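Undergrad: Offset between the sequence shown (1-based) and the working numbering: plus 4.
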Amino acid sequence: MARNMTTVQKASSIRFGSAKFEVGEDVNSLIDLGAMKSIVFEETWDEMTVTSDNAGVIKTGINNHAAGIEGDLMEINLATLATIRGGIDKIDNITGTPKTVTNESVTLTGQTQKRLLNKNGAGTVVTAVTVKKGATTLVAGTDFTLAVDSAGFTVISRVEGGGITSGDALTVNYTYTPLSAKRFLSGGLGTFQPRVARITNYDDAGKEFRITIYKATPENGLNITFPEADAEDPAITPIRMNGTLDSSRVVGEQLFEIYDEQGV
Numbered sequence: 005m006a007r008n009m010t011t012v013q014k015a016s017s018i019r020f021g022s023a024k025f026e027v028g029e030d031v032n033s034l035i036d037l038g039a040m041k042s043i044v045f046e047e048t049w050d051e052m053t054v055t056s057d058n059a060g061v062i063k064t065g066i067n068n069h070a071a072g073i074e075g076d077l078m079e080i081n082l083a084t085l086a087t088i089r090g091g092i093d094k095i096d097n098i099t100g101t102p103k104t105v106t107n108e109s110v111t112l113t114g115q116t117q118k119r120l121l122n123k124n125g126a127g128t129v130v131t132a133v134t135v136k137k138g139a140t141t142l143v144a145g146t147d148f149t150l151a152v153d154s155a156g157f158t159v160i161s162r163v164e165g166g167g168i169t170s171g172d173a174l175t176v177n178y179t180y181t182p183l184s185a186k187r188f189l190s191g192g193l194g195t196f197q198p199r200v201a202r203i204t205n206y207d208d209a210g211k212e213f214r215i216t217i218y219k220a221t222p223e224n225g226l227n228i229t230f231p232e233a234d235a236e237d238p239a240i241t242p243i244r245m246n247g248t249l250d251s252s253r254v255v256g257e258q259l260f261e262i263y264d265e266q267g268v
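#1: So for I228, helix, strand or coil by DSSP?
#2: From T221 to S56, what does the alpha carbon distance come to, in whole angstroms?
#3: Let's test the definition: count the other Cβ atoms within 10 Å of the Cβ of Q266 and tell me whether it reaches 16, buried, or not, exposed.
#4: As an exercise, report each continuous beta strand (DSSP E) stretch of at least 3 residues that is fully enclosed by the region 97-168, in chain order.
#5: Where D30 and I43 are concerned, what is the direct C-alpha to C-alpha distance, given to the nearest angstrom?
#6: Starting from the C-beta of S4, find all residues in its chain whose C-beta is less than 7 Å away, skip the five residues before and the five after it, and write them out in chain order.
#7: Determine whether the beta carbon atoms of L77 and T241 lie at a separation below 9 Å.
#8: Compare the Cα-Cα distances from G38 to each of S161, P182, L85 and A209 and report the closest residue.
#9: Distance check for K103 and V159, CA to CA, integer angstroms please.
#10: Please go through the same chain and pick out, in chain order, the residues whose beta-carbon is closer than 6 Å to the beta-carbon of Q258, but skip the five residues on each side of it.
#11: Suppose you measure from the CA of V152 to the CA of G256; what does that come to, to the nearest Å?
#12: Label G60 either buried or exposed according to how many other C-beta atoms from any shown protein chain fall within 10 Å of its C-beta, with 16 as the threshold for buried.
#13: Check the DSSP bridge columns for G28 and list the partner residues they point to.
#14: Can you tell which of A239, R244 and V254 has its C-alpha closest to the C-alpha of E79?
#15: N224: buried (16+ other C-beta within 10 angstroms of its C-beta) or exposed?
#16: Check whether the region 200-219 touches the region 103-122, counting contact only when three or more Cβ pairs, one atom from each stretch, lie closer than 8 Å.
#17: Check for me: the alpha helix (DSSP H) holding T87 runs from which residue to which?
#18: Once the 5 residues before and after T48 are set aside, which same chain residues still bring their CB inside 6 Å of it?
#19: In or out: R253 buried (at least 16 other Cβ within 10 Å) or exposed?
#20: For my contact list, I203 and R214 are in at a C-beta cut-off of 8 Å; report their separation, rounded to the angstrom.
#21: Take G167 and list the residues in its own chain whose beta-carbon comes closer than 8 Å to its own, dropping the five residues that flank it on each side.
#22: Quick one: grab the DSSP three-state call for L37.
#23: Taking only runs of the beta strand (DSSP E) that begin and end inside the region 237-267, which ones reach a length of at least 3 residues, in chain order?
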C-alpha cells in the first residue's frame, strides 16, 4: 500500500468550483460575462540569462512579463463582446414598433420607486404616460415622478404631499418602443482600449479568491462555433484577455493582483 508523502498543509488553500469572469473599462465598471467553462489564468515570462566563462549560464531575471485569462464563453451578448474587444466595434440598436399599454396596475408605497413592466429599448422614459387613481387623472411632478433605473426601465414614485396616499392602487397608460434587433459592426477601427479582466472564485461561505489583470486586450478575433443540432452544449466563443504591464501603476504592481479571503 502506497504511503502518503505529505499531509495537507492548509486546507483553506484548496480551491473548489469555477469562477466568474468579468471585463470592464476599470475595476468599478466590470461586466460579468456570464456562463463560461474552462476558465484559466496563466502567467508567462522570458528568462534573462548571461553566459559566464567559468560558471556557465547565470539566470539574472525575467523579461516580457505577461499574464492572461481565458475561457469558453457560452453567452453571446453583443454588447458584452464589444466591451471585451476594447472599442474596435460599434453597436447599433434597431427600434421596433411602438406599443401601447393600458391600465397597468401599480401600487405605490412610501417613496419606493415602482418599475413599469415594459421599457424603451433606448433606456429612456416611456411616453404618453397617464396615471389615474380611480377616475382621477394625476399630474406628473405634483402627484408622481418618472425616472429610469439602472436597467433602463421606467420607474414611478409618489410625490409627498400630492394626490397619492402610500398604498394607493393606480392604473398607468403609456407607450413604449422596444428594440427589434441589435447590430454588431466591425472593421476600420484598429486601436484597442485596454480593459481590466478579473476572475473570482467563491467558497461556500461567500469568501473570494480573485485574480485581476489591470491592462488587458483580446488575443484573437471572434470564433463562434455552433454545435450539431442535437448537441448538449450551446454555441461557444473562446475568449482570452492578454495582460501587459500598466506603467501608470506602482512598479511591482503593474501586471496583476491575487486577492485571497479564503486562505486566511
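For glycine and all other residues, C-beta sits at the position ideal for the given N, C-alpha and C.
Computed from a prediction, not measured in an experiment: that's the story for all the values here.
TA: According to the data block:
#1: I228 falls in the coil class under three-state DSSP.
#2: Those two C-alpha atoms are separated by around 38 Å.
#3: By the neighbour-count criterion, in which 16 or more other beta carbons inside 10 Å mark a residue as buried, Q266 falls on the buried side.
#4: Those beta strand (DSSP E) runs which fall completely within the region 97-168 and span 3+ residues are 103-112, 131-137, 148-152 and 158-162.
#5: One Cα belongs to D30, the other to I43, and the distance between them is close to 21 Å.
#6: With the chain covering only 5 through 268, there is no way to say anything about residue 4.
#7: Going by C-beta atoms, L77 is nearer than 9 Å to T241.
#8: Of the candidates S161, P182, L85 and A209, the residue whose Cα lies closest to the Cα of G38 is L85.
#9: Between the C-alpha atoms of V159 and K103 there is a straight-line separation of about 18 Å.
#10: Here the set comprises L249 and D250.
#11: Cα to Cα, V152 sits roughly 43 Å from G256.
#12: Per the 10 Å Cβ criterion, exposed.
#13: V200.
#14: Answer by Cα proximity: A239.
#15: N224 counts as exposed, since fewer than 16 other beta carbons sit within 10 angstroms of its beta carbon.
#16: No, because fewer than three Cβ pairs between the region 200-219 and the region 103-122 fall closer than 8 Å, the two stretches do not touch.
#17: Segment L82 to I88, the alpha helix (DSSP H) holding T87.
#18: Same-chain partners within the cutoff: A70.
#19: So R253 ends up on the exposed side.
#20: Contact holds; Cβ gap of about 7 Å.
#21: Result list for G167: K137, T140, L142, V143, T146 and D147, in chain order.
#22: Coil at L37, not helix or strand.
#23: Those beta strand (DSSP E) runs which fall completely within the region 237-267 and span 3+ residues are 241-247 and 260-264.
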